[in-house]
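Engineer: Numbered by the UniProt record's numbering, the letters in the sequence shown go through residues 1 to 379 in order. Attaching a single structure in structure tokens format; questions to follow.
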Amino acid sequence: MQTAEHQLHDLRPKFKNTQQKLLTARHLPGEVYSSPEIYALEKEKIFMKYWLSVGRAEELPNVGDYFTFKVMNESIVVSRPTPDKIVAYMNQCLHRGVEVAEGSGNAKEFSCPYHAWLYDVGGNLVLAPGMKASEVDLKNCSMRQLKLHIWRGWIFVNFSADPIPFEEFIAPQEESLWWFKTDDCKLAGKVVIDVKCNWKFLAENLIDIYHVGVIHKSTFGGFVKGEQLKFHLEPNGAWHTSYEARPHSKSGVQVFPTLPWAEDKPSGIACKAGIYPNLNLSMRADSVRMWHIWPISPSETRIVCYLLFPEAAFSIPNYEAEMEKYRSFVTQIIAEDSVMVESLQNSASSKFFVPGPMSPLEEALYHMENHYIDVMTTE
Numbered sequence: 001m002q003t004a005e006h007q008l009h010d011l012r013p014k015f016k017n018t019q020q021k022l023l024t025a026r027h028l029p030g031e032v033y034s035s036p037e038i039y040a041l042e043k044e045k046i047f048m049k050y051w052l053s054v055g056r057a058e059e060l061p062n063v064g065d066y067f068t069f070k071v072m073n074e075s076i077v078v079s080r081p082t083p084d085k086i087v088a089y090m091n092q093c094l095h096r097g098v099e100v101a102e103g104s105g106n107a108k109e110f111s112c113p114y115h116a117w118l119y120d121v122g123g124n125l126v127l128a129p130g131m132k133a134s135e136v137d138l139k140n141c142s143m144r145q146l147k148l149h150i151w152r153g154w155i156f157v158n159f160s161a162d163p164i165p166f167e168e169f170i171a172p173q174e175e176s177l178w179w180f181k182t183d184d185c186k187l188a189g190k191v192v193i194d195v196k197c198n199w200k201f202l203a204e205n206l207i208d209i210y211h212v213g214v215i216h217k218s219t220f221g222g223f224v225k226g227e228q229l230k231f232h233l234e235p236n237g238a239w240h241t242s243y244e245a246r247p248h249s250k251s252g253v254q255v256f257p258t259l260p261w262a263e264d265k266p267s268g269i270a271c272k273a274g275i276y277p278n279l280n281l282s283m284r285a286d287s288v289r290m291w292h293i294w295p296i297s298p299s300e301t302r303i304v305c306y307l308l309f310p311e312a313a314f315s316i317p318n319y320e321a322e323m324e325k326y327r328s329f330v331t332q333i334i335a336e337d338s339v340m341v342e343s344l345q346n347s348a349s350s351k352f353f354v355p356g357p358m359s360p361l362e363e364a365l366y367h368m369e370n371h372y373i374d375v376m377t378t379e
């Protein structure tokens, strides 16, 4: 079996087809969406190096609150050990590596279910029973801590021991995303759906304006004039755009109060942005959605869509019923996309698959696919 490095070497001629100018370029070869070896290399080159949003600070309001999370099978704990601090660390007992926490909740300590090593909620070792005779110094030990930064209410972590400074990573978004003020929003809920396709197909689909008027014509596709979009391309695969649409509801009628920072904007304001590798930000006049794309396997991906609204939205009449309609609308959009991206996945593993040419409407995909090539082929 070929290694991932050998596969990437063999794919370099095909990558050149993607690296041509947009109007003559072709999409990425199917192997990068179907190869287990390349999937494993993506973990090392992308997900273990980039800053990743794993949740909202408001999900941990109280001391002792925690949740567990997995990034490409790497298990972590995110917790609030003190009122003014949130931490993240590997969910691995220092003895044999067993996960010490599960799910989410509130705790004062975690006890390893295997040998009862005890940790405080910040991941620090408190007690190691049966180890008094050991000559290993276990004082001041903790499970491996991850770098962590909170940006506009979002908890970002990084698995690397020496990551790019977060401020440098996020700088393009700080300068350009005037509309992304989710630290002034409140979380209404999440939509979580697993889709049988490679993570890149979903990340690309969320910025593929080309398909909107086709697949989504019965939901929101008729409101979006894709040919009018102008993408602003940022370093490291990031991008953003603004365009005219309608409020995010099946009828196109705005239900929730307008975001405070959009009150002077047209009711049809729509903004989107991408932060590489797996975030897609979307705003309409009354709400913001944060799409997280998490790889589960080479051919399976989890979508976690956070639904955020201004504080005033939570006191409107019939709030619960209106929010359920909103959630159903988002779920329907994902369902419409799922059929197509699962078909893409089937073709990606076919020996007869030939990547097609790019449309001018796929400028942001072109930008992101070429960033992927740069990341994967850089030594």
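Don't be surprised by glycine CBs; every beta carbon is placed ideally from N, CA and C. Model, not experiment: these values are computed from the prediction.
Look up D120 in the DSSP assignment and give the residues it is bridged to.
Structural biologist: E109.
Engineer: Could you name the residues of the same chain whose beta carbon sits closer than 7 Å to that of P13, not counting the 5 residues immediately before and after it, in chain order?
Structural biologist: Counting only Cβ-Cβ distances below 7 Å, and skipping sequence neighbours, we find nothing.
Engineer: Note down the Cα distance separating S160 from M48, rounded to an integer number of angstroms.
Structural biologist: Straight-line Cα distance between these residues: approximately 6 Å.
Engineer: Is P235 buried or exposed, if buried means 16 or more other CB atoms sit within 10 Å of its CB?
Structural biologist: The residue is exposed, with fewer than 16 neighbouring Cβ atoms inside 10 Å.
Engineer: Would you mind sorting T258 into buried or exposed? The rule is 16 or more other CB atoms within 10 Å of its CB.
Structural biologist: That one is buried.
Engineer: To the nearest whole angstrom, what separates the beta carbons of Y366 and A101, a pair I think is in contact under 8 Å?
Structural biologist: Contact doesn't hold; Cβ gap of about 42 Å is too wide.
Engineer: Looking at the unbroken alpha helix (DSSP H) that takes in Y326, where does it start and where does it end?
Structural biologist: That run of the alpha helix (DSSP H) goes 319 to 348.
Engineer: Could you check the C-alpha separation between E168 and A321 for me, to the nearest Å?
Structural biologist: Approximately 42 Å between the Cα atoms of the pair.
Engineer: Quick check: what's the CA-CA separation for I164 versus N278?
Structural biologist: Taking the straight line joining both Cα atoms gives about 17 Å.
Engineer: Should P83 and G122 be called a contact, given that it needs their Cβ atoms to be closer than 8 Å?
Structural biologist: For P83 and G122, no; Cβs fall outside 8 Å.
Engineer: Determine which residues share a DSSP beta bridge with T82 and list them.
Structural biologist: K85.
Engineer: Taking 8 Å as the limit between beta carbons, can you name the residues of its chain near Q345, skipping five residues before and five after?
Structural biologist: If we look at Q345 and ignore the five residues flanking it on each side, its Cβ neighbours are Y33, S34, K196, C197, N198, F201, S299.
Engineer: Excluding five sequence neighbours on each side, which residues of the same chain lie with their C-beta closer than 6 Å to the C-beta of K250?
Structural biologist: For K250, where only same-chain residues beyond five positions count, the Cβ hits under 6 Å are F329.
Engineer: Whose C-alpha, out of G356, Y39, W117, F256, is nearest the C-alpha of K132?
Structural biologist: With distances taken between Cα atoms, K132 lies closest to W117.
Engineer: I need the DSSP call for H27, collapsed to helix, strand or coil.
Structural biologist: Coil, per DSSP.
Engineer: Go through its chain and collect everything with a Cβ distance to L127's Cβ below 6 Å, but skip five positions before and after it.
Structural biologist: Result list for L127: L118, in chain order.
Engineer: Look at the alpha carbon of V87 and the alpha carbon of L146, and state the distance between them as a whole number of angstroms.
Structural biologist: The alpha-carbon atoms of V87 and L146 are separated by roughly 8 Å.
Engineer: Is E168 helix, strand or coil when you go by DSSP?
Structural biologist: Reduced to three states, the DSSP call for E168 is helix.
Engineer: Is it buried or exposed, V214, if we count other Cβ atoms within 10 angstroms and call 16 or more buried?
Structural biologist: Here V214 scores only 49 on pLDDT, less than 50, and its place in the model is too uncertain to base an answer on.
Engineer: Would you call the CB atoms of R289 and D194 closer than 8 Å?
Structural biologist: For R289 and D194, no; Cβs fall outside 8 Å.
Engineer: For the putative contact between V341 and N158, defined by C-beta atoms under 8 Å, what is the C-beta separation to the nearest angstrom?
Structural biologist: That pair is no contact at about 28 Å.
Engineer: With respect to the beta strand (DSSP E) encompassing N280, which residues constitute its N-terminal and C-terminal limits?
Structural biologist: Counting along the chain, the beta strand (DSSP E) containing N280 begins and ends at 279 to 284.
Engineer: Who are the near neighbours of K217 in its chain, counting only those whose CB is closer than 8 Å to its CB and skipping five residues on each side?
Structural biologist: Note that K217 has pLDDT 49, beneath the 50 cutoff, so the model's placement of it is unreliable and no number is given.
Engineer: Shortest alpha-carbon distance to Q92 belongs to which of K85, P172, T68, G105?
Structural biologist: Cα-wise, what sits closest to Q92 is T68.
Engineer: If I measure Cβ to Cβ from T18 and keep anything under 7 Å in the same chain, skipping five residues before and after, which residues do I get?
Structural biologist: Cβ neighbours of T18 beyond the five flanking positions: A25, R26, H27, L28, E369, N370, I373.
Engineer: Helix, strand or coil: how does DSSP classify R246 here?
Structural biologist: Correct three-state label for R246: coil.
Engineer: List the residues that DSSP assigns as beta-bridge partners of S35.
Structural biologist: DSSP lists no partner for S35.
Engineer: For the alpha helix (DSSP H) holding F69, just list the boundary residues, first then last.
Structural biologist: No alpha helix (DSSP H) holds F69; the beta strand (DSSP E) holding it covers 65 to 71.
Engineer: Could you have a look at R12 and say whether DSSP puts it in helix, strand or coil?
Structural biologist: Helix.
Engineer: If contacts are defined as beta-carbon pairs under 8 Å, then L94 and L125 qualify, I think. What distance do you get, rounded to the angstrom?
Structural biologist: Contact flag correct, Cβ pair sits at about 6 Å.
Engineer: Near M283, what residues of its chain come up, given a Cβ to Cβ distance below 6 Å and the 5 sequence neighbours on each side ignored?
Structural biologist: Around M283: W179, C271.
Engineer: What do you get for residue 406, buried or exposed, if any count of 16 or more other CB atoms within 10 angstroms of its CB means buried?
Structural biologist: Not covered by the structure: residue 406. The range shown for the chain is 1 to 379.
Engineer: Quick one: using the 10 Å Cβ neighbour count with 16 as the cut-off for buried, is P113 buried or exposed?
Structural biologist: The residue is exposed, with fewer than 16 neighbouring Cβ atoms inside 10 Å.
Engineer: Give me the Cα-Cα distance between W291 and V54, rounded to the nearest whole angstrom.
Structural biologist: The alpha-carbon atoms of W291 and V54 are separated by roughly 11 Å.
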